[in-house]
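Just so you know, we're using the numbering used here here: the sequence shown kicks off at -16 and counts up by one. Okay, so here's the structure we're looking at.
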Amino acid sequence: MNLSKTLIAAAVASAPLMANALQLEDYLIANSSYDQAFISGNLTALEPAGDDDNDQVSYNYTVDADYQKVFSTLPRSWGYTLGLKANGSKPGTKTELVDDPDFIPDPNFVPDALNPTEQIPQVERDTESTEDWSVTAEGVVDTYFHESQYPKAFWFGQGNYRSTGSLPSDDISATIGLGYGRVYNATPLAKVIRIVEELNEEGLLTGPIPDSVALETAEIIDREEEFKSRFGEDEYRPDYYAAIETALARSGALRDGKFGALGALTVDNVLEDEPISTRRHGWVVRLGAGFQASDLTGLTDNDPKLLAQFEYAKPYGYKGQFINLFTFEPVFSDETLTAFRNDMSYTHEVTDMIDWINTWTMTYSDGEDADGNPLEITTHAVSSIYSFDLGNSLDYTVGLQLNQTDEDPNGPNSIGDSPEITFRAGFNYRLK
-16 MNLSKTLIAA AVASAPLMAN ALQLEDYLIA NSSYDQAFIS GNLTALEPAG
34 DDDNDQVSYN YTVDADYQKV FSTLPRSWGY TLGLKANGSK PGTKTELVDD
84 PDFIPDPNFV PDALNPTEQI PQVERDTEST EDWSVTAEGV VDTYFHESQY
134 PKAFWFGQGN YRSTGSLPSD DISATIGLGY GRVYNATPLA KVIRIVEELN
184 EEGLLTGPIP DSVALETAEI IDREEEFKSR FGEDEYRPDY YAAIETALAR
234 SGALRDGKFG ALGALTVDNV LEDEPISTRR HGWVVRLGAG FQASDLTGLT
284 DNDPKLLAQF EYAKPYGYKG QFINLFTFEP VFSDETLTAF RNDMSYTHEV
334 TDMIDWINTW TMTYSDGEDA DGNPLEITTH AVSSIYSFDL GNSLDYTVGL
384 QLNQTDEDPN GPNSIGDSPE ITFRAGFNYR LK
């Protein structure tokens, strides 16, 4: 009997979860919303590149707080992000060569390649700590011509603000323009797939879930804010979970036609406790014009600018997510400032509790410094981090980061050619 039960459980667990090859790109509902908020702290062990005199690094830390809200309807999509960052470092000691008139050299010392300066006295001096901070705010509104012949065409407005303690001015800009395309939030369908997967593991499904039922359930999950508004923040879950249960029961694959206590706990665990990174698909092109009120260097002052932007998002299976945002933004001040930025990321869900997050940000600017000298700067920031869910919205993150800055790479004063590799370990608390 026990062997029979084991074989039945194994057969159920190995049965297909979806009736057809349902993809996250199949979720094309424009009415959607999500928000997410994080507070994270990272402790860094750093080996500075190209600095042989630096004996050790005592500490290097960063603290980040981020909030993002995205809301979408058929006629309009809008979103904003808020960020706060603080960082600091305190290198340990630095060995310096000093002149000492009382120093008596060793007459038997023979200099060589390894010890060319042993005859010069050396001292260790403490280095000064450095601290910096920045705040950012960005917002965009896309208004679609959804009743026209081109329902994916839209006009947009975009604003940006950034302030950094170590730089002389704030970055303030605004842009309006036209665009085409749409990026859809498929996270609700990813949650349905996770729910079906875990209900199947618990033996609460008797067969696969049809695609139509999965999409209907995803729409209900996407209406969480509506349930909160109707029933209250603290009272909505029974009605919310009942609607999800009713939708899944239409498949005929839900054992006994209801969740039961185990099924309700499983759904609650997926929706409330397990981290599911945002899943998005589609593309958007924006072309616009605006003004740069000021920038971080203080070199621009209410100057005109152009904007060309391309965003592309694609899930890979149920576990992977690729996102790329390219922005070209020349500013026409006394001397034209050419600048572009490319943000690329790939996140892979290793398990329900572990994410592998990879990012690459590249920026390029070509203009002049405050003295009118040509200045060309290229920066790269690459990171590969594992995020382990510890429960109660707390994640432990560990990984590597590479930073490189090339200033005037073709000139005589080129700096920063060597990359700086950083080991990062810290904690990330999900507020939402």
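Where a beta carbon is used, it is the ideal one built from N, C-alpha and C, also for glycine.
Local Cβ density within 10 Å of residue i, reported as buried at 16 or more and exposed below that
i    : result
D239 : exposed
G409 : buried
T200 : buried
G162 : buried
R213 : exposed
P287 : exposed
D256 : exposed
Y133 : exposed
A4   : exposed
S401 : exposed
T428 : This structure does not reach residue 428, given that the chain is present from -16 up to 415, and the question cannot be answered.
Pair within 8 Å by beta-carbon distance, residue i and residue j
i    : j    : result
I302 : H331 : Here residue 302 is Lys; the residue named in the question, Ile, does not match the sequence. Yes.
Y412 : L198 : no
G142 : G122 : yes
T380 : G273 : no
S152 : G281 : yes
V267 : K174 : no
L7   : A169 : yes
L237 : L172 : no
V124 : E294 : no
S131 : S72  : no
I155 : L414 : no
A20  : Y63  : no
D372 : T344 : no
S149 : I192 : no
I404 : L385 : yes
Assigned secondary structure, residue i (DSSP; H/G/I helix, E/B strand, else coil)
i    : result
F311 : strand
P134 : coil
P298 : strand
G62  : strand
A232 : helix
F210 : helix
G246 : helix
A120 : strand
E332 : strand
I404 : strand
L198 : helix
D372 : strand
A225 : helix
K52  : strand
K174 : helix
E184 : helix
N356 : coil
R262 : coil
A32  : Legend: pLDDT at A32 = 48, less than 50; position of this residue unreliable, value from coordinates given subsequently. DSSP places A32 in coil when its eight states are reduced to three.
N14  : coil
Y341 : Here residue 341 turns out to be Asn, not Tyr, going by the sequence shown. Of the three classes helix, strand and coil, the one that applies to N341 here is strand, per DSSP.
D351 : The sequence as given places Glu at residue 351; Asp does not occur at that position. It is a strand residue.
E218 : coil
D389 : strand
Contact belief for residue i with residue j at Cβ below 8 Å, rounded distance in angstroms
i    : j    : result
L57  : A13  : 5 Å
V196 : A230 : 6 Å
Q304 : P313 : Rounded, the Cβ-Cβ distance is 31 Å, inconsistent with contact.
G300 : G160 : About 35 Å; that fails the 8 Å criterion.
T321 : D349 : 4 Å
F406 : R269 : Wrong, their Cβ atoms sit about 37 Å apart, outside the cutoff.
S366 : T342 : 5 Å
T283 : S316 : 5 Å
T147 : D194 : Not really, about 48 Å apart at Cβ, beyond 8 Å.
Residue-level contact to chain B via CB, residue i, 8 Å cutoff
i   : result
L57 : The structure shown contains no chain B; it is built from a single protein chain.
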